[in-house]
Structure formats: C-alpha cells, structure tokens
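A.B. asks: The structure that follows is given in the form of structure tokens.
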Amino acid sequence: DQQVKQNSPSLSVQEGRISILNCDYTNSMFDYFLWYKKYPAEGPTFLISISSIKDKNEDGRFTVFLNKSAKHLSLHIVPSQPGDSAVYFCAATIDSNYQLIWGAGTKLIIKP
Amino acid sequence: NAGVTQTPKFRVLKTGQSMTLLCAQDMNHEYMYWYRQDPGMGLRLIHYSVGEGTTAKGEVPDGYNVSRLKKQNFLLGLESAAPSQTSVYFCASSPGVGSPLHFGNGTRLTVT
Numbered sequence: 015d016q017q018v019k020q021n022s023p024s025l026s027v028q029e030g031r032i033s034i035l036n037c038d039y040t041n042s043m044f045d046y047f048l049w050y051k052k053y054p055a056e057g058p059t060f061l062i063s064i065s066s067i068k069d070k071n072e073d074g075r076f077t078v079f080l081n082k083s084a085k086h087l088s089l090h091i092v093p094s095q096p097g098d099s100a101v102y103f104c105a106a107t108i109d110s111n112y113q114l115i116w117g118a119g120t121k122l123i124i125k126p
Numbered sequence: 008n009a010g011v012t013q014t015p016k017f018r019v020l021k022t023g024q025s026m027t028l029l030c031a032q033d034m035n036h037e038y039m040y041w042y043r044q045d046p047g048m049g050l051r052l053i054h055y056s057v058g059e060g061t062t063a064k065g066e067v068p069d070g071y072n073v074s075r076l077k078k079q080n081f082l083l084g085l086e087s088a089a090p091s092q093t094s095v096y097f098c099a100s101s102p103g104v105g106s107p108l109h110f111g112n113g114t115r116l117t118v119t
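First to last, the protein sequences are chains A and B.
Following my numbering, the numbering of the first sequence begins with 15 at its first residue and continues without gaps.
Following my numbering, the numbering of the second sequence begins with 8 at its first residue and continues without gaps.
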C-alpha cells in the first residue's frame with residue numbers, strides 16, 4: 015500500500031511554460047513534505063520542502079503547494095528550463111523523523 | 008567537495024555471494040542512511056545510523072547488515088545475495104533530523 019503516490023510516471027512541457035508535478039498521500043499524520051530532483055546516474059538532490067502548518071512555500075522558480083484536506087501537494091516550476099529535465103520525487107515524513115516515505119517519481123521532460 | 012561517495016558504482020554477484028558497499032561522507036554529518044530504489048517504486052530505507060557506533064532498521068532491513076565504526080563511513084553488507092536484491096543502492100547523510108538528505112551517486116547491483 016503506497017502511502018505517497020505520484021500518479022504520472024512522466025510529463026512533457028514546453029520550455030518557458032509552467033510545469034506542475036503532483037503528489038498524493040494517504041497518511042494524515044504526515045506533517046513534512048519534501049521534493050527531490052534526480053538526474054540519471056546521480057543521487058537525488060533536495061529541491062524544496064513544506065511543513066503542514068503552511069500551504070505554500072516558494073524558492074525562486076519553484077513553489078510547492080499543500081492542500082491538507084485533499085492530501086495533495088504539487089510542485090510548480092515557472093518558467094521551465096531544459097535543465098529541469100529530471101525525475102522528481104516527493105517524500106513525506108511524520109515529526110521530521112528518520113523514515114521518509116517516497117513516491118515513485120515523475121520524469122519531467124522539457125521540450126525546446 | 009566530495010560530499011557522499013559510494014563504492015563501487017557497479018557490481019554483479021552470483022546468488023549466495025557476499026559483498027560490502029562502502030559509503031563515505033566528508034561533511035561531518037551525524038546521520039547516515041542506506042536506501043534501495045527499484046523500478047516503479049520510491050526509495051525504501053534499509054538501515055540508518057544516528058551516530059558513530061549506532062545502527063537501526065528501516066523499512067526493508069532483511070538480508071542486509073550495516074556498521075558505522077567511524078562517523079564518516081557507513082557500510083552495507085549482503086551476506087548471501089539473492090536475485091531480489093538486484094537494485095540501485097543509495098547512501099545518504101544529513102546533519103540532523105528533519106534536515107534534507109545528501110545522496111551519493113548510487114551503486115547498481117545485479118544478482119544473477
């Protein structure tokens with residue numbers, strides 16, 4: 015039973031447009047959420063996070079939105095750039111403890 | 008700035024063989040983790056350590072052992088490899104609970 019789901023295995027977006035990556039979760043106890051980005055043959059790198067006491071967090075071109083009632087979060091990238099082509103993972107945890115629960119990832123392809 | 012270094016990068020084992028994966032970090036982080044990543048699934052935590060000399064089980068610990076004799080190193084051992092352990096293994100470290108993880112570039116293990 016996957017507690018964190020990324021239902022789109024891949025997403026293709028035109029360069030300069032907005033990319034929206036989605037993540038759903040089932041455990042209402044999750045209170046901290048993170049997004050990681052992964053290039054081929056490399057490990058994931060941290061992108062942005064959000065605590066459950068907030069509904070939005072912004073860092074440059076990246077914004078994460080959290081809808082607790084829907085148990086849904088999304089990552090917006092504006093504008094999308096070729097270097098954003100990567101696999102994006104969403105992860106969740108309870109009380110910021112050691113055990114992150116990860117989604118399966120969404121492969122984002124930015125078309126020139 | 009080496010960050011987190013994993014060796015080896017690739018390995019092929021026959022069923023029943025043993026091996027050790029080495030993870031080294033030069034950031035003086037207290038916490039270290041071993042994850043596995045399988046196709047269509049998120050990363051799953053195998054074992055983790057909250058400091059030198061300590062280890063704890065994660066989500067999928069069976070068939071693996073770990074040791075953290077020095078703060079900068081975290082070893083993952085497979086005593087008797089099985090085909091189900093074919094995966095990509097990632098090591099990560101973090102300065103504390105709730106801090107983003109820093110990942111190595113992974114070890115691709117194939118067990119035939």
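Even glycine gets a Cβ: it sits at the ideal position worked out from N, Cα and C.
Is DSSP giving G97 of chain A helix, strand or coil here?
C.D. replies: It is helical.
A.B. asks: Once DSSP output is grouped into helix, strand and coil, what is the label at Q44 of chain B?
C.D. replies: If DSSP states are grouped into helix, strand and coil, Q44 of chain B belongs with the strands.
A.B. asks: How long is the line joining the alpha carbons of N112 of chain B and Q44 of chain B, rounded to whole angstroms?
C.D. replies: Taking the straight line joining both Cα atoms gives about 12 angstroms.
A.B. asks: With a threshold of 16 other CB atoms inside 10 Å of the CB of T114 of chain B, please say whether the residue is buried or exposed.
C.D. replies: So T114 of chain B ends up on the buried side.
A.B. asks: Can the beta-carbon of Y46 of chain A be found less than 8 angstroms from the beta-carbon of T107 of chain A?
C.D. replies: Yes.
A.B. asks: N112 of chain B touches chain A at which residues, Cβ-Cβ below 9 angstroms?
C.D. replies: Under the 9 angstroms cutoff, chain A gives A55, E56, G57.
A.B. asks: Closest to D33 of chain B by CA distance: which of B:K77, B:L85, B:S87 is it?
C.D. replies: The shortest Cα separation from D33 of chain B among B:K77, B:L85, B:S87 belongs to B:K77.
A.B. asks: Does DSSP classify Q32 of chain B as helix, strand or coil?
C.D. replies: Of the three classes helix, strand and coil, the one that applies to Q32 of chain B here is strand, per DSSP.
A.B. asks: Who does T114 of chain B pair with in a DSSP beta bridge?
C.D. replies: Answer is B:Y96, bridged to T114 of chain B.
A.B. asks: Determine the chain B residues that contact N81 of chain A at a beta-carbon separation under 8 angstroms, and present them in chain order.
C.D. replies: In chain order: nothing, as chain B lies at least about 21 angstroms away.
A.B. asks: Compare the C-beta of W49 of chain A with all C-beta atoms of chain B and state if any pair is closer than 8 angstroms.
C.D. replies: Taking Cβ atoms only, chain B never reaches closer than 8 angstroms to W49 of chain A, which makes this a no.
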